[in-house]
Structure formats: C-alpha cells, structure tokens
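Student: For the sequence shown, our numbering gives the first residue as 204, with consecutive numbering after it.
Let me begin by handing over the structure; questions about it come next.
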Amino acid sequence: MTAVSTTVRPIIWHPDGRRVLRCEDGWPALELREDQGIAQGMRANWNLVAWLLHGGGLSVGHHEQPRLQLLSEEIPDGMCWVDMEVLPLPNARPWQLPSWPSQAQKRLDSTLGTSGLRKLDDLSVGDVNDLACVMWAATDKGAVYLKVSDSPREAAVTEYLSKTLPDLLPPVLWVDPSSNSLLTLSGGKLLDMVSELDAWTEAARRLAHFQQNADAHALAALGCPAFPLLEMAGRVDSFLADLNTLRAWGLEESCLETLCAARPAIRTAFADLAALNLPDLPAHGDAHPRNALSGQRGAVWFDWAETASAAHPFMDMGWFLAFTFDPAGVELPIRTAYPDLEKRLIEAYLSALGCVDAASLLSSAVPLALLHRAVVYDARFRNWEGTLPGWRPNFVPYYLRLAARELARLPS
Numbered sequence: 204m205t206a207v208s209t210t211v212r213p214i215i216w217h218p219d220g221r222r223v224l225r226c227e228d229g230w231p232a233l234e235l236r237e238d239q240g241i242a243q244g245m246r247a248n249w250n251l252v253a254w255l256l257h258g259g260g261l262s263v264g265h266h267e268q269p270r271l272q273l274l275s276e277e278i279p280d281g282m283c284w285v286d287m288e289v290l291p292l293p294n295a296r297p298w299q300l301p302s303w304p305s306q307a308q309k310r311l312d313s314t315l316g317t318s319g320l321r322k323l324d325d326l327s328v329g330d331v332n333d334l335a336c337v338m339w340a341a342t343d344k345g346a347v348y349l350k351v352s353d354s355p356r357e358a359a360v361t362e363y364l365s366k367t368l369p370d371l372l373p374p375v376l377w378v379d380p381s382s383n384s385l386l387t388l389s390g391g392k393l394l395d396m397v398s399e400l401d402a403w404t405e406a407a408r409r410l411a412h413f414q415q416n417a418d419a420h421a422l423a424a425l426g427c428p429a430f431p432l433l434e435m436a437g438r439v440d441s442f443l444a445d446l447n448t449l450r451a452w453g454l455e456e457s458c459l460e461t462l463c464a465a466r467p468a469i470r471t472a473f474a475d476l477a478a479l480n481l482p483d484l485p486a487h488g489d490a491h492p493r494n495a496l497s498g499q500r501g502a503v504w505f506d507w508a509e510t511a512s513a514a515h516p517f518m519d520m521g522w523f524l525a526f527t528f529d530p531a532g533v534e535l536p537i538r539t540a541y542p543d544l545e546k547r548l549i550e551a552y553l554s555a556l557g558c559v560d561a562a563s564l565l566s567s568a569v570p571l572a573l574l575h576r577a578v579v580y581d582a583r584f585r586n587w588e589g590t591l592p593g594w595r596p597n598f599v600p601y602y603l604r605l606a607a608r609e610l611a612r613l614p615s
C-alpha cells in the first residue's frame, strides 16, 4: 500500500530572521509523509535542522504556509538565501516570529546560569500553537521546560503556588508574568504513562489539598475567575437551550438532541450537588492526567493556565475522571492493572476532601464537569481569532460529546 504524502512550500527563515530560503521556482517544495512533521521532514529530506514557528494548520485541516527558522546557514544545492518582504502572519504570537528562537535560547542560558544547571543541548520545540509554545532542553539535572503562553495568568499563578504550595508543582526555576513565561525542571513522567496506583491516588489527594489550601483571594487578585456552582448550573442550562450556538460549534444533531432531552436531569443533578453544601474552592481548571506528573516530589501538577479562584471542587475531579476513563484510553497501563481504578480514585479524593459519603454525587458530577467546561470554553473561544482564518479551537464540541456519553451516570 502506497504511503499518503502531501507537498508543502514552507517559509523558511535564515538564523538572522531577515532572509528567507528560496529556490528557482519560488518557495522550496517539501514532501511529507502522512505521519511526518514539517521539521522532521526537513531533516529527513534536506538534512536541515529547523525550529517550527507555525505549522500552517496542517494538523487541523488547513493549508496555510508553514513557517520555520533554520538553526544554521548551510543549505542544499539549488537553494539560496534571499532578502525579501514576507507577508506577516495574521495575529501572530511572539513565539511564532523569526526573532523567537534566539530569544528563547538566551533566556534558557541566562536562567540556567543562575540556577546551577549545565545545559547538555540547545532548546527543542515540543509543541507550538496559537495558545502556547513549549520547549525543552536536557541538562545535567534532567530535562527543563520553557513555556510561553497567551494565558494572562499561568505564569503569575505558577509563581504564587511555587511560593505557597511548592511541593504541589515541579521545581520552578524562573517565572516572568509580564511575558507569560516560565521555566521548570522536569517533575517526572506524565501520570497517564504511570502504572503505579499510589501515584494516581496521590495525584487525586494533592488536587484536593490544593483546592483546600490555596488562597482564593490571592488567586482572584491574580485575575483567576470564579465559577459559582449555581451560577454555572444556570449557564449550562441556557447554553443547552441555545441551539444556534450549539450548531455553530458543529455539534451533530443526534448529540444536540441527547443533551437537550437531558436538561431536566442535568438541572436535578446540579441541585443535588448543591445540596451537598460543599463550598466553592480554588480549582486547577484543567485537572487531567496529562497535566500531572509522578517523580521525585511524588505526584505534582502543572499547567495552571485555567486556574479558577472558586468553583465546585467536583468540577476538577469530574474532568479528571472523564479523561481517565475515556474509551479511547482503555489501554492505559493503570486501567489495565486496576479494573477498579475509578472506585479507588474516588475514595482517595473524597477522603482527602473530607466527604467520604459523596461517591455517587461525584460520579454524577462527571457529565456536569464536562458541561461546565463546555460553557467556559464557549465564553473564551466563541469570538476568538487566531492565526488561521475561520478556525478556532474545537474544545466546546469535544466536551459536549463527552458529556452526552457520560449522561448515563446521572440518576434515572
């Protein structure tokens, strides 16, 4: 069977950030296999090491020009450097500009110099999109991660938590809230790759510890929003009644009908949860197993971009359970090893939170947490503009589809 390939003509900057790479017929043509990234394809086809600035939307079905920057001047025969005007990337983030790689390398070198760590190689791009850029480098003390994001709060919240609840996070080496940037030392393996039960139950307990011990007023002062339970119950119900908005998000009619039919049961479930009388508490905001690590500090949490100063605590844990038990993750090592994992996680979390008798309510809160997330993301992304014309992150329909599947958890 012939492998599927596609041809792209990327904009490739010289390391100086001014000149671009051209060939006789214009932009160089790069053939990519279906499973091949752009920078990977450049290395395989042209033996060029490049820093990906913008992927052109290929991974989400768009076909804009990718943008990269070479890390050395050497180029293949038949190509040359040209000083020419390049159309700017609409709504470009700082990390999508050709000045970024050198800035990031300098920041890393400066911070490592004051942290007593020795760099073993230069920064590499781990993930880059309109929302954030994550880079990493090896050091003599393990990997370090440099992140810059469009979140106005992540760096500030990380800095605050590193001072007040330091054991909750991986080691924080440097933070700059003014540029939404931070550098951390590796905190271990991503939790969803860990098969030890203790790591998972510790992550659940530490989530509860954060919820109970973080200062809601301090988080609010940093700009973290509040999502009171009863207010969110009303917002969810209104959102599910707004068929035009749901359809604009591309939600299938069958899913829409399922959610709309469940509105009375959803209202009842929110009322039952409110009757538990748990106070709204600080929330991580995106507490899933790929935002937790297991390592020398035990289970730690990162990615505080969506932290809330107050929300019902089950909104965090409900999302954690929904992610963990998504059918797509049936082969996760921990799920294979522990068929009763959900029960164990719920027990660990509720024991730490001090409400051991609320297991059935926490299970019922899973679809509510997903609907909560859909409403929050709709508010954030409904009128959002990024670098790809007509495209916005599709978190909202993703959460709505998951919620429709999890409605079976609600009492009949």
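Using N, Cα and C, we set each Cβ at its ideal position, and we do this for glycine too.
Compute the distance between the beta-carbons of Leu410 and His487, then report whether it is under 8 Å.
Tutor: Counting from 1 along the sequence shown, the entry for residue 410 is found at position 207. Counting from 1 along the sequence shown, the entry for residue 487 is found at position 284. Yes, the pair counts as a contact, with Cβ atoms nearer than the cut-off.
Student: For Gly259 versus Val211, is the C-beta spacing smaller than 8 Å?
Tutor: On the sequence shown, residue 259 is found 56 positions in, with the first residue counted as 1. On the sequence shown, residue 211 is found 8 positions in, with the first residue counted as 1. Closer than 8 Å, so yes.
Student: Do Ile214 and Gln268 count as a contact pair if the criterion is CB distance below 8 Å?
Tutor: Numbered from 1 along the sequence shown, position 65 holds the residue referred to as residue 268. Numbered from 1 along the sequence shown, position 11 holds the residue referred to as residue 214. For Gln268 and Ile214, yes; Cβs fall inside 8 Å.
Student: Would you mind listing the alpha helix (DSSP H) stretches within the segment 491-570 that are 4+ residues and don't spill past its ends, in chain order?
Tutor: Fully enclosed alpha helix (DSSP H) runs of 4 or longer: 516-527, 536-540 and 544-556.
Student: Measuring straight from C-alpha to C-alpha, what distance separates Arg470 and Val599?
Tutor: Within the sequence shown, the letter at position 267 stands for residue 470. Within the sequence shown, the letter at position 396 stands for residue 599. Their Cα atoms are separated by approximately 20 Å.
Student: Reducing DSSP to helix, strand and coil, say where Met204 ends up.
Tutor: Position 1 of the sequence shown holds residue 204. Its pLDDT being 42, under 50, Met204 is placed unreliably in this model, and the coordinates cannot settle the point.
Student: Please classify Thr367 as buried or exposed, where buried requires at least 16 other C-beta atoms within 10 Å of its C-beta.
Tutor: Along the sequence shown, one-based indexing puts residue 367 at 164. By the 10 Å Cβ count, Thr367 comes out exposed.
Student: Apply the 10 Å Cβ neighbour rule to Asn416 and answer buried if 16 or more other Cβ atoms are within range, or exposed otherwise.
Tutor: Along the sequence shown, one-based indexing puts residue 416 at 213. It is exposed - the Cβ of Asn416 has fewer than 16 other Cβ atoms within 10 Å.
Student: Measuring only the C-alpha atoms, how far is Lys344 from Thr387?
Tutor: Here residue 344 refers to the residue found at position 141 of the sequence shown. Here residue 387 refers to the residue found at position 184 of the sequence shown. Going by the C-alpha atoms only, they are around 12 Å apart.
Student: Taking Cβ to Cβ, would you say Leu573 is nearer than 8 Å to Leu535?
Tutor: Start at 1 with the first residue of the sequence shown, and residue 573 comes out as number 370. Start at 1 with the first residue of the sequence shown, and residue 535 comes out as number 332. Result no, Cβ atoms of Leu573 and Leu535 do not sit closer than 8 Å.
Student: With the cut-off set at 8 Å, would you say Asn383 and Ala358 are in Cβ contact?
Tutor: To locate residue 383, count along the sequence shown from 1; it is residue 180. To locate residue 358, count along the sequence shown from 1; it is residue 155. In this structure, Ala358 lies closer than 8 Å to Asn383 by Cβ.
Student: On the DSSP letters alone, give me the boundaries of the beta strand (DSSP E) that Met396 sits inside.
Tutor: The count along the sequence shown starts at 1 and reaches residue 396 at position 193. It is not in any beta strand (DSSP E) - Met396 carries neither H nor E in the DSSP assignment.
Student: Taking C-beta to C-beta, are Ala562 and Leu553 nearer than 8 Å?
Tutor: Position 359 of the sequence shown, counted from the start, is the residue given in the question as residue 562. Position 350 of the sequence shown, counted from the start, is the residue given in the question as residue 553. Cβ distance < 8 Å, so Ala562 and Leu553 count as in contact.
Student: State buried or exposed for Asp560, treating a residue as buried only when at least 16 other CB atoms are found within 10 Å of its CB.
Tutor: Looking up residue 560 in the sequence shown gives position 357. Under this definition Asp560 is an exposed residue.
Student: Helix, strand or coil: which one does DSSP assign to Leu368?
Tutor: For the purposes of this step, residue 368 is taken as the residue at position 165 of the sequence shown. Correct three-state label for Leu368: coil.
Student: Would you report the Cα separation of Ala495 and Cys226, rounded to the nearest angstrom?
Tutor: Residue mapping note: residue 495 aligns to position 292 of the sequence shown, counting from 1. Residue mapping note: residue 226 aligns to position 23 of the sequence shown, counting from 1. If I take the Cα positions, the gap works out to 46 Å.
Student: Candidates Lys350, Arg321 and Leu261: which alpha carbon is nearest Trp303's?
Tutor: For this step, residue 303 is matched to residue 100 along the sequence shown. Ranking the options by Cα distance to Trp303, first place goes to Lys350.
Student: Report yes if the C-beta distance between Asp395 and Pro485 is below 8 Å; otherwise report no.
Tutor: Taking the first residue of the sequence shown as 1, we reach residue 395 at position 192. Taking the first residue of the sequence shown as 1, we reach residue 485 at position 282. No. Outside cutoff.
Student: Tell me the rounded alpha-carbon separation between Thr510 and Glu276.
Tutor: As a working note, residue 510 is residue 307 in the sequence shown. As a working note, residue 276 is residue 73 in the sequence shown. Going by the C-alpha atoms only, they are around 42 Å apart.
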